[in-house]
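Engineer: If you read the sequences in order, they're chains A and B. Each residue of the first sequence is one higher than the last, beginning at 18 in my numbering. Each residue of the second sequence is one higher than the last, beginning at 1120 in my numbering. If you scroll down you'll find the structure; I have some questions about it.
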Amino acid sequence: MTNIVAASGVRVHEICKSFPVPDAPATSRLALGGISFSIGAGELVSLVGPSGCGKSTLLRLIAGLDVPDSGKLLVGNEKIAGPNAERGLVFQDPNLFPWLTVRRNIEAGLAARGVLREKRNEVDEFMRLVGLEAFANAYPHHLSGGMAQRVALARALINHPKVLLLDEPLGALDAFTRMRMQDEVLRLWENRRTTMLLVTHDIDEAIYMSHRILIMTPAPGRIDREIHIDLARSRDRTSESFLRFRSEILEHLHFAGNAADVSA
Amino acid sequence: MNADTTAPDKLSTLPWPMQLAVPVASLITFGTHLLIAQKAPPLETHSYMLLFWEILGVSIVLAIAQPFWPALRKWMRHIWPIFTAAILLLGVWDVITAGLHLLPLPYFPGPAAVLRSLISDRALLVDSTWHSLVLLLSGYTLGVIVGLISGVCIGWSSSVRYWGMPLLKVVGPIPATAWIPLAMVVAPSAIVSAAGLVALAVWFPVTMLTASGISNTRASYLDVARTLGAGRLYLIFRVAIPAAVPNIFIGLFMGLGASFLTLVVAESVGVKSGLGWYLSWAQGWAEYGKVFAALIIMAGFFSTVMTLLFKLRDRVLVWQKGVIKW
Chain A
18 MTNIVAASGV
28 RVHEICKSFP
38 VPDAPATSRL
48 ALGGISFSIG
58 AGELVSLVGP
68 SGCGKSTLLR
78 LIAGLDVPDS
88 GKLLVGNEKI
98 AGPNAERGLV
108 FQDPNLFPWL
118 TVRRNIEAGL
128 AARGVLREKR
138 NEVDEFMRLV
148 GLEAFANAYP
158 HHLSGGMAQR
168 VALARALINH
178 PKVLLLDEPL
188 GALDAFTRMR
198 MQDEVLRLWE
208 NRRTTMLLVT
218 HDIDEAIYMS
228 HRILIMTPAP
238 GRIDREIHID
248 LARSRDRTSE
258 SFLRFRSEIL
268 EHLHFAGNAA
278 DVSA
Chain B
1120 MNADTTAPDK
1130 LSTLPWPMQL
1140 AVPVASLITF
1150 GTHLLIAQKA
1160 PPLETHSYML
1170 LFWEILGVSI
1180 VLAIAQPFWP
1190 ALRKWMRHIW
1200 PIFTAAILLL
1210 GVWDVITAGL
1220 HLLPLPYFPG
1230 PAAVLRSLIS
1240 DRALLVDSTW
1250 HSLVLLLSGY
1260 TLGVIVGLIS
1270 GVCIGWSSSV
1280 RYWGMPLLKV
1290 VGPIPATAWI
1300 PLAMVVAPSA
1310 IVSAAGLVAL
1320 AVWFPVTMLT
1330 ASGISNTRAS
1340 YLDVARTLGA
1350 GRLYLIFRVA
1360 IPAAVPNIFI
1370 GLFMGLGASF
1380 LTLVVAESVG
1390 VKSGLGWYLS
1400 WAQGWAEYGK
1410 VFAALIIMAG
1420 FFSTVMTLLF
1430 KLRDRVLVWQ
1440 KGVIKW
């Protein structure tokens, strides 16, 4: 079932974003200090970095849920003007609507745009895509973490987004489920070649999945390093070259961590 | 007693004590009543006796039928202990009032006298119940509709909240019954004023709980819906309101309680019909048998309405109880 849609690249140019400090309303903290990078159409890129470095902020900006203080955000050639079904977002918490069954949750992607009536026949396809036909009438409450996250993926994908933003989508899963889900997400990517931007804490996950890894450093958040993962798929997590990438990134983050401590 | 020795899944009959509980309890209560009736000045006890013959007969028939009907057995196992206690309680009431005269007459008649009032005034009681029902439903419905609308507006829009919340906080806590003097002047008829008061009593809790439910909708649900391409109407009606439904039901329950109270008071001061009116009318004639009769009807009436609302909640919030909908 190949279902390639028109994917779009993303361009992030000199983005700054600051937030007010809760204790001192007059001052503000710079979360992103002039970030620039771009993602090619159909590319799978990971953002890795310590917590608080602005990864999620960046993702929210690209999703259109927040507005940057300055800089330019483009999807394809269009400026991002607000949230849109073209840019799907999946959080660490699946955030399924608990009052809807699995099937209704997946339909919600269509219903939100008001196209459910015309496209209802696609729902079965996406239920099958994530292997949840048997749970169509179950409520989210009854699903395991992995199943719930698959529903969330299907709900985002049913809109055929040009870009899929993933904010630590597998972060809450146990190690085994997580590795299985990594393969599932890759399978979805291979089917659809959607542009994906994956925020993760897990370095193995980033190496296993992405074409390219962007390493971010905090205070203010900026891209510190870019690493191309030129390994053939499917990747072997224990291969020498895989481990080389791993130690390279770990060393880099360790160094970045020390530098932050010294400056603090 | 061989029931104890058989395995539980082969137990096809209720244990003897449970089978006999209700007939024995009704015989005790009934026997006590006969003793009291002989001692006291002559009482009309015919209908009360009839009631016990019926209870006795039905409970014996059910005890005979239950081995052949598992659903009935399950129901009896659940309900019989409390039913037995209720019958014995009738006997205690009888002893305290008609038997030993421990409570002053005419304020505390015995159960036989109350049953007599219930039967002799049945036409008026049915009529009063009907009027109360109509008044309750019209006032409650109006209050819920207005409360939902104002609650959603206050919960969703920060500018409506700015102007609406102070009004709600200042005016809302006034008990609806405190408006009676004004309502009687303003409204075209007593019925309209009573319905308005009931609506007002319901409006406040429904608005308050709906507004807090809406404004406490998890931000991430709204974010997800936005990235799915949802517009404002979808966000309000398909995300915020469903998310607020558990809260809204709390408001509906609080409103229902307030509406019962307001209904009874409003009926007893202005309206010339309904259970509240009947209650104060019976009190005026010192017919306390009728007062108790009205109280019994109210208990049945209000608890039925409350049960219906619970049933509705169980249906609507089936997802919250974690029950799979088939």
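For glycine and all other residues, C-beta sits at the position ideal for the given N, C-alpha and C.
(1) Helix, strand or coil for alanine 1418 (chain B), going by three-state DSSP, please let me know.
(2) Below 7 angstroms on C-beta distance, what does glycine 1455 (chain B) contact in chain A?
(3) When the Cα atoms are used, what is the spatial distance from tryptophan 116 (chain A) to tyrosine 156 (chain A)?
(4) Would you report the Cα separation of valine 1290 (chain B) and alanine 1362 (chain B), rounded to the nearest angstrom?
(5) I'd like to know if isoleucine 1275 (chain B) contacts chain A, where contact means its C-beta is closer than 8 angstroms to some C-beta of that chain.
(6) Should aspartate 1213 (chain B) go down as buried or exposed, given a rule of 16 or more other Cβ atoms within 10 Å for buried?
(7) So, helix, strand or coil for arginine 210 (chain A), using DSSP?
(8) Please confirm whether arginine 104 (chain A) and proline 178 (chain A) have their CB atoms less than 8 angstroms apart.
(9) Expressed to the nearest angstrom, what Euclidean distance is found between the alpha-carbon atoms of leucine 1414 (chain B) and glycine 1374 (chain B)?
(10) State the DSSP-derived secondary structure class of leucine 149 (chain A), mapped to helix, strand or coil.
(11) Comparing C-alpha positions only, which one of A:Glu135, A:Gly131, A:Gly126 sits nearest to methionine 144 (chain A)?
(12) Name, please, each residue of chain A whose Cβ falls closer than 8 angstroms to the Cβ of alanine 1344 (chain B).
(13) Phenylalanine 259 (chain A) versus chain B: which residues are under 9 angstroms apart at the beta carbon?
(14) What distance in whole Å lies between the Cβ atoms of alanine 1309 (chain B) and glycine 1315 (chain B), which are believed to be in contact at a cut-off of 8 angstroms?
(15) Express the C-alpha separation of isoleucine 240 (chain A) and serine 35 (chain A) in angstroms, rounding to a whole number.
(16) For threonine 217 (chain A), which residues does DSSP report across the bridge?
(17) Mind checking whether serine 1339 (chain B) and glycine 1274 (chain B) have CB atoms under 8 angstroms apart?
(18) Among B:Ser1247, B:Leu1319, B:Thr1203, B:Thr1296, which one has its Cα closest to the Cα of threonine 1260 (chain B)?
(19) Using C-beta distances below 6 angstroms, list every residue in its chain close to threonine 194 (chain A), excluding the 5 sequence neighbours before and after it, in chain order.
(20) Could you check where the beta strand (DSSP E) with glutamate 243 (chain A) kicks off and where it finishes?
(21) Going by alpha carbons, who is nearest to valine 1385 (chain B) out of B:Leu1244, B:Val1311, B:Tyr1226, B:Ala1190?
(22) In chain B, which residues lie with their C-beta within 9 angstroms of the C-beta of tyrosine 225 (chain A)?
(23) Beta carbon of alanine 80 (chain A), beta carbon of leucine 113 (chain A): below 8 angstroms?
(24) So which residues on chain B does phenylalanine 36 (chain A) lean against when the C-beta distance must stay under 8 angstroms?
(25) How long is the line joining the alpha carbons of valine 1388 (chain B) and isoleucine 1293 (chain B), rounded to whole angstroms?
Structural biologist: Taking the definition as stated:
(1) Walking along the second sequence from the start, residue 1418 (chain B) turns up at place 299. Secondary structure at alanine 1418 (chain B): helix, using DSSP grouped into helix, strand and coil.
(2) In the structure displayed, chain B extends from 1120 to 1445; residue 1455 (chain B) sits before or after that span and is not available.
(3) The residue you call residue 116 (chain A) lines up with position 99 of the first sequence. The residue you call residue 156 (chain A) lines up with position 139 of the first sequence. The alpha-carbon atoms of tryptophan 116 (chain A) and tyrosine 156 (chain A) are separated by roughly 7 angstroms.
(4) The count along the second sequence starts at 1 and reaches residue 1290 (chain B) at position 171. The count along the second sequence starts at 1 and reaches residue 1362 (chain B) at position 243. Rounded to the nearest whole angstrom, the C-alpha separation of valine 1290 (chain B) and alanine 1362 (chain B) is 27 angstroms.
(5) Taking the first residue of the second sequence as 1, we reach residue 1275 (chain B) at position 156. The identity of residue 1275 (chain B) in the sequence shown is tryptophan, whereas the question assumes isoleucine. Residue contact with chain A for tryptophan 1275 (chain B): absent (no Cβ-Cβ distance below 8 angstroms to any residue of chain A).
(6) Locating residue 1213 (chain B) in the second sequence gives position 94, where the first residue counts as 1. Buried, since its Cβ has 16 or more Cβ neighbours within 10 Å.
(7) Counted from its first residue, the first sequence places residue 210 (chain A) at position 193. Arginine 210 (chain A): coil per DSSP, three-state reduction.
(8) Walking along the first sequence from the start, residue 104 (chain A) turns up at place 87. Walking along the first sequence from the start, residue 178 (chain A) turns up at place 161. Contact annotation: arginine 104 (chain A) and proline 178 (chain A) have beta-carbon atoms nearer than 8 angstroms.
(9) By 1-based counting over the second sequence, the position of residue 1414 (chain B) is 295. By 1-based counting over the second sequence, the position of residue 1374 (chain B) is 255. If you draw a straight line from the Cα of leucine 1414 (chain B) to the Cα of glycine 1374 (chain B), it comes to about 21 angstroms.
(10) Taking the first residue of the first sequence as position 1, residue 149 (chain A) is located at position 132. In the three-state scheme derived from DSSP, where H, G and I count as helix and E and B as strand, leucine 149 (chain A) is classed as coil.
(11) Your numbering for residue 144 (chain A) matches position 127 in the first sequence. Checked all of A:Glu135, A:Gly131, A:Gly126; the closest Cα to methionine 144 (chain A) is A:Gly126.
(12) Along the second sequence, read from residue 1 onward, the residue named residue 1344 (chain B) stands at position 225. For alanine 1344 (chain B), the residues of chain A that pass the 8 angstroms Cβ criterion are Ala125, Ala129, in the order they occur in the chain.
(13) Against the first sequence, residue 259 (chain A) aligns to sequence position 242. Near phenylalanine 259 (chain A) there are no residues of chain B at all, since even the closest Cβ is about 33 angstroms away, more than 9 angstroms.
(14) Here residue 1315 (chain B) refers to the residue found at position 196 of the second sequence. Here residue 1309 (chain B) refers to the residue found at position 190 of the second sequence. Glycine 1315 (chain B) to alanine 1309 (chain B), Cβ: 11 angstroms. No contact.
(15) The sequence position of residue 35 (chain A) within the first sequence is 18, counting from 1. The sequence position of residue 240 (chain A) within the first sequence is 223, counting from 1. If I take the Cα positions, the gap works out to 16 angstroms.
(16) Position 200 of the first sequence, counting from 1, holds the residue named residue 217 (chain A). DSSP lists A:Val65 as partners of threonine 217 (chain A).
(17) Here the question's residue 1339 (chain B) lines up with position 220 in the second sequence. Here the question's residue 1274 (chain B) lines up with position 155 in the second sequence. It is not a contact, given that the beta carbons lie outside the stated cut-off.
(18) What you label residue 1260 (chain B) is simply residue 141 of the second sequence in a count that begins at 1. Residue B:Leu1319 holds the alpha-carbon nearest to the alpha-carbon of threonine 1260 (chain B) among B:Ser1247, B:Leu1319, B:Thr1203, B:Thr1296.
(19) Mapped onto the first sequence, residue 194 (chain A) falls at position 177. Excluding residues within five positions, the ones whose Cβ falls inside 6 angstroms are Gly163.
(20) Numbered from its first residue, the first sequence carries residue 243 (chain A) at position 226. First-last of the beta strand (DSSP E) with glutamate 243 (chain A): 239–245.
(21) In the second sequence, counting from the first residue as 1, residue 1385 (chain B) sits at position 266. Going by the sequence as given, residue 1385 (chain B) is alanine instead of valine. Of the listed residues, the one whose Cα sits closest to alanine 1385 (chain B) is B:Val1311.
(22) Counted from its first residue, the first sequence places residue 225 (chain A) at position 208. None at all; the shortest Cβ gap to chain B is about 25 angstroms.
(23) Translated into positions along the first sequence, residue 80 (chain A) becomes position 63. Translated into positions along the first sequence, residue 113 (chain A) becomes position 96. Against a cut-off of 8 angstroms, the Cβ pair of leucine 113 (chain A) and alanine 80 (chain A) comes out as no contact.
(24) Position 19 of the first sequence, counted from the first residue, corresponds to residue 36 (chain A). Listed along chain B is no residue with a C-beta nearer than 8 angstroms to that of phenylalanine 36 (chain A); the closest approach is about 15 angstroms.
(25) In the second sequence, residue 1388 (chain B) corresponds to position 269, counting from 1. In the second sequence, residue 1293 (chain B) corresponds to position 174, counting from 1. The alpha-carbon atoms of valine 1388 (chain B) and isoleucine 1293 (chain B) are separated by roughly 18 angstroms.
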